[in-house]
Amino acid sequence: MCAKFESGGKVKQQPYQVKYFDLRTKPTDLKSKSGETIFESVDDIEEPPENGSEIPKQWNVHYGDVISWSYDRPTETYFVTKDGKFLKNPDLSGSGYLTIPLSITRDLTTNTLETYKNVIEQLTELVILPIELSPEDEFFSAKFNGSKIPKAYIKRNDIEYSYSPMEQQLTVQINKNGKKFTNEFPTDKEEKLNNIIKWIKSIDNSATNPLINLIVKCNFNDKSECDKVQKYKCFGIIPLPKTWTCEQKGGAHFGQEQISATYKCQGPLSSKQEAIKKIKNFYKDLKIKKILYLSLLTTMFGEKTARYFDLVNKPETLKKTNGQPVPAHEYKDVPTSVPADWDVSPGDLLSWAKYRASETYFILNDGTLLKNPDRSGSGYLTIPYIITQHTRNVLMMYEYVINELGKDYVSTIEMHPQDQFIVKNYGQLPEEMCTPNVEYIYDPLEEFLYVNVVGTSKKSKEFKLGNTSVKDIQQWYDGIKGEQAQFKVKYNFDGVQYQKYQQYKLQNEKILTPKTWNIQPGTTDVGHDHIRGEWILNGDRKHLSDAKKQIQEFYKDLAVNIEEVPL
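Residue numbers (this note's numbering): 2 to 568.
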């Protein structure tokens, strides 16, 4: 029977099955509401419709039905939407497979597999990938021994569920802090729904129980080891604790005399040892040196304190995981990534520098090294956003590093807009300023917070610690959205004018400008009896006259030349 709509658009839950119309092989199956054939033959079929266009009102089709203009895979296949329009196959696989989207199944049915049984059978499971599911779908009780998704998780919009009939597995994806965490659960085995909930909880609790990555690198080079791999069947995805995931990274090689692959295992720090035990058991007596454990490769650096290893002056501070010092030959040259048995963590610094921080490296999440970006260009340390983006207390995280290296040698710290330092000293930034288009860079020596707007405007301004607030930052940010202006101030004081300059002590004073304006020094020439130079000011045209007035007030009765400069 056809779908029967109730008020609100919900379908009365009945053993209803949508229809599949294959216009390329069975064009006469599509009828009008009066029972007449729409297309007598394939030759009568029109070109596929535009996505979102109206379905002809005389067509006898219903919400959820599938209509295909495809020759091979369902690339030109469309769903009938609730409001009678064509929805083209969203194809999340990117390979021409059919995706049955949640936008269709959410309001159509609570038993998606039964509702789309005809479609799955006619297309075959091989070309359906995936079927997006509501957490209230009867799929869960059918596949997991009558268990249902708990009510606390049903209304969450950060969790997505999808099913692959071909692989018989449920994929669960969690979107958290701009990251996507994915795990796959087989439905053809005795998998329990409780294992899925445990994994979801492990992602939810990652702030207090950080997720870590264990990178397993296998490289078996002789026939005896390769024979053991085949005997033990220890090639492929590693079975891990239920709160862990495992995925292959990059390519793999499987031959009689060489077997190699790399796997990323991810899970909670609290069960790290259990995961390592599972990995060891998987590979049995194969040489452990073939497996590389990069311990504590956290997906979020957390609020731990980073360490600083001075390999030139204090090499003894670098230890192995067994507590023994790292031999000198192992750190003689800068490695591409940290060795497995070095007791280091992401965010830590390794320094081969003999002067300042020029040859200093950060340890990244995957164990590779990032050379000090040095925004100063003079060998000072820059703590980059790629390192600090996951912490909200960067000064605490790098307190030891700054003290060990010396505050004078740290030029810039790139911060997250919600970092505690910004919130405590300036205030809570508005949401519109917490985007990738606005950078926040702190200079601990000069105690300035630089706010830089990237993109077409490329505007920036410094805000002195203790003298400004988030209100000042917001006012400047709003100002750069309007029409801009710029002018140059030139001064040339000698003789009496220079004497007045000294008398007014202007060399010790700061020029005040409107909060929406910036001031930068140009060329300057200072002698024992003269001073010459210029200032360049820019800001919103609305406060142009105020900016000029403040310049004149600063220089009092001294003669200066003010000229507008085109942008």
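Backbone N, C-alpha and C fix where the C-beta goes; we use that ideal spot for every residue, glycine too.
Nothing here was measured: the structure is a model prediction, and the numbers come from that model.
Between the CA atoms of residue j and residue i - distance to the nearest angstrom
| i | j | result |
| --- | --- | --- |
| residue 445 | residue 548 | 29 Å |
| residue 353 | residue 487 | 45 Å |
| residue 182 | residue 407 | 38 Å |
| residue 266 | residue 203 | 14 Å |
| residue 639 | residue 434 | Outside the displayed range of the chain (2 to 568) lies residue 639, so it cannot be described from this structure. |
| residue 112 | residue 119 | 13 Å |
| residue 172 | residue 279 | 23 Å |
| residue 294 | residue 397 | In this prediction, residue 294 scores a pLDDT of 39, lower than 50, which makes its location untrustworthy; the coordinate-derived value is nonetheless stated afterwards. Approximately 28 Å between the Cα atoms of the pair. |
| residue 47 | residue 26 | 14 Å |
| residue 73 | residue 385 | 49 Å |
| residue 233 | residue 285 | 8 Å |
| residue 71 | residue 50 | 12 Å |
| residue 355 | residue 337 | 20 Å |
| residue 193 | residue 276 | 19 Å |
| residue 401 | residue 388 | 16 Å |
| residue 515 | residue 414 | 27 Å |
| residue 565 | residue 412 | 33 Å |
| residue 270 | residue 206 | 11 Å |
| residue 56 | residue 346 | 58 Å |
| residue 334 | residue 256 | 33 Å |
| residue 2 | residue 17 | Because the pLDDT of residue 2 is 35, which lies under 50, any placement of that residue in the model is unreliable, and the number read from its coordinates should be weighed accordingly. Answer to the nearest angstrom: the Cα atoms are 7 Å apart. |
| residue 167 | residue 219 | 29 Å |
Spatial neighbours of residue i in its chain, beta-carbon cut-off 8 Å, leaving aside the 5 residues before and after
| i | result |
| --- | --- |
| residue 349 | 307, 308, 309, 310, 363, 364 |
| residue 567 | 487 |
| residue 98 | 74, 75, 92, 128, 129, 130 |
| residue 243 | 196, 199, 200 |
Own chain, CB closer than 6 Å to residue i, minus 5 neighbours either side, in chain order
| i | result |
| --- | --- |
| residue 454 | 439, 460 |
| residue 169 | 188, 189 |
| residue 268 | 244, 245, 276 |
Residue i, buried or exposed, once every other Cβ within 10 Å from all chains shown has been counted against 16
| i | result |
| --- | --- |
| residue 329 | exposed |
| residue 64 | buried |
| residue 299 | Reliability of the predicted coordinates at residue 299 is poor, the pLDDT of 35 falling under 50, and the value obtained from them is presented with this limitation in mind. Counting Cβ neighbours within 10 Å, residue 299 comes out buried, since at least 16 surround it. |
| residue 254 | exposed |
| residue 75 | buried |
| residue 358 | buried |
| residue 560 | exposed |
| residue 133 | buried |
| residue 1 | This structure does not reach residue 1, given that the chain is present from 2 up to 568, and the question cannot be answered. |
| residue 379 | exposed |
| residue 526 | exposed |
Cβ distance (whole Å) where residue i is taken to contact residue j below 8 Å
| i | j | result |
| --- | --- | --- |
| residue 68 | residue 22 | 5 Å |
| residue 443 | residue 416 | 6 Å |
| residue 539 | residue 562 | Not really, about 17 Å apart at Cβ, beyond 8 Å. |
| residue 87 | residue 61 | That belief does not hold up - the Cβ atoms of residue 87 and residue 61 are roughly 15 Å apart, past 8 Å. |
| residue 159 | residue 146 | That belief does not hold up - the Cβ atoms of residue 159 and residue 146 are roughly 26 Å apart, past 8 Å. |
| residue 136 | residue 155 | 5 Å |
| residue 59 | residue 94 | Actually they do not touch by this definition, with Cβ atoms about 34 Å apart. |
| residue 512 | residue 552 | 7 Å |
| residue 260 | residue 283 | Contact doesn't hold; Cβ gap of about 14 Å is too wide. |
Residue(s) in a DSSP beta bridge with residue i
| i | result |
| --- | --- |
| residue 247 | 266 |
| residue 185 | 172 |
| residue 531 | 495 |
| residue 488 | 538, 565 |
| residue 21 | 67 |
| residue 522 | 536 |
| residue 415 | 442 |
Residues near residue i in its chain [Cβ-Cβ closer than 7 Å; skip 5 each side]
| i | result |
| --- | --- |
| residue 327 | 319, 320, 321, 343 |
| residue 317 | 326 |
| residue 569 | The question about residue 569 has no answer, for the chain in this structure spans 2 to 568. |
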